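In my numbering, the protein residues as written are 1229 to 1374.
Below: the structure, in structure tokens.
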Ligand code: SF4
Ligand code: SF4
């Protein structure tokens, strides 16, 4: 998989290559709020109850789509519409014709480099287990300005 992210388009990538693009930031696992009128989607600093905040991994990845209603499978088809993804997201960046950030684990060879660079949910998220749904609006954040 030598630097495939520089030589292949998203369409040309194998399933394993596609999966390995994920930097493990956990930022897509933050609870979102949709404004009913504008249909705009806002991120919050509250994370899905299945997210292990320390490692930014899903506690039940195999069953995530059946278990958590807000969970989605990122695909080539839905990627363009997911405006709430962080600007650092590898899928979003490659779709926009940008390069991977220098701290991306594929470049560093270290899965912790996303955390060390400060671009993960580890540093600020709190689990929805401890937040009442009515309070979510108080936790809205600009995910790219953290
Ligand atoms: S935001 Fe993108 S890179 Fe980060 S965990 Fe989600 S899919 Fe992976
Ligand atoms: S269930 Fe989905 S949104 Fe929740 S932590 Fe797992 S992958 Fe993220």
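Beta carbons are placed, not taken as given, at the ideal position from N, Cα and C, and that holds for glycine.
All of these numbers come straight from a predicted model, not from anything done at the bench.
For the alpha helix (DSSP H) holding residue i, just list the boundary residues, first then last.
i            : result
residue 1260 : Counting along the chain, residue 1260 falls outside any alpha helix (DSSP H), though it belongs to the beta strand (DSSP E) covering 1258 to 1262.
residue 1342 : 1341 to 1344
residue 1314 : Element bounds for residue 1314: n/a, residue is neither H nor E.
residue 1334 : 1333 to 1336
Under the DSSP definition of a beta bridge, which residues are partnered with residue i?
i            : result
residue 1286 : 1279
residue 1270 : 1261
If you draw a straight line from the alpha carbon of residue i to that of residue j, how long is it in whole angstroms?
i            : j            : result
residue 1308 : residue 1325 : 13 Å
residue 1258 : residue 1264 : 19 Å
residue 1336 : residue 1351 : 20 Å
residue 1358 : residue 1230 : 43 Å
residue 1354 : residue 1338 : 25 Å
residue 1334 : residue 1251 : 8 Å
residue 1249 : residue 1331 : 13 Å
residue 1366 : residue 1238 : 36 Å
residue 1233 : residue 1320 : 13 Å
residue 1314 : residue 1277 : 20 Å
residue 1340 : residue 1283 : 9 Å
residue 1371 : residue 1362 : 20 Å
residue 1345 : residue 1254 : 14 Å
residue 1243 : residue 1289 : 16 Å
residue 1272 : residue 1236 : 33 Å
Look up residue i in the DSSP assignment and say whether it is helix, strand or coil.
i            : result
residue 1324 : coil
residue 1368 : strand
residue 1240 : coil
residue 1291 : helix
residue 1232 : helix
residue 1355 : strand
residue 1329 : coil
residue 1408 : Missing from the structure shown is residue 1408; the chain here goes from 1229 to 1374 and no further.
residue 1247 : helix
residue 1350 : helix
Is the CB of residue i under 8 Å away from at least one CB in chain B?
i            : result
residue 1371 : No chain B appears in this structure, which consists of one protein chain only.
Checklist entry - Within the structure, which residues are defined as neighbours of ligand 2 by a Cβ-heavy atom distance below 5 Å, reported in chain order? => result Cβ-based neighbours of ligand 2 within the cut-off: 1257, 1276, 1278, 1279, 1286, 1292, 1296, 1299.
Next on the checklist: Please output, in chain order, the residues near ligand 1 using a CB cut-off of less than 6 Å to any non-hydrogen atom of the ligand.
Outcome noted: The set of residues with CB atoms less than 6 Å from any heavy atom of ligand 1 reads, in chain order, 1250, 1251, 1252, 1253, 1254, 1255, 1256, 1302, 1313, 1314, 1317, 1318, 1319.
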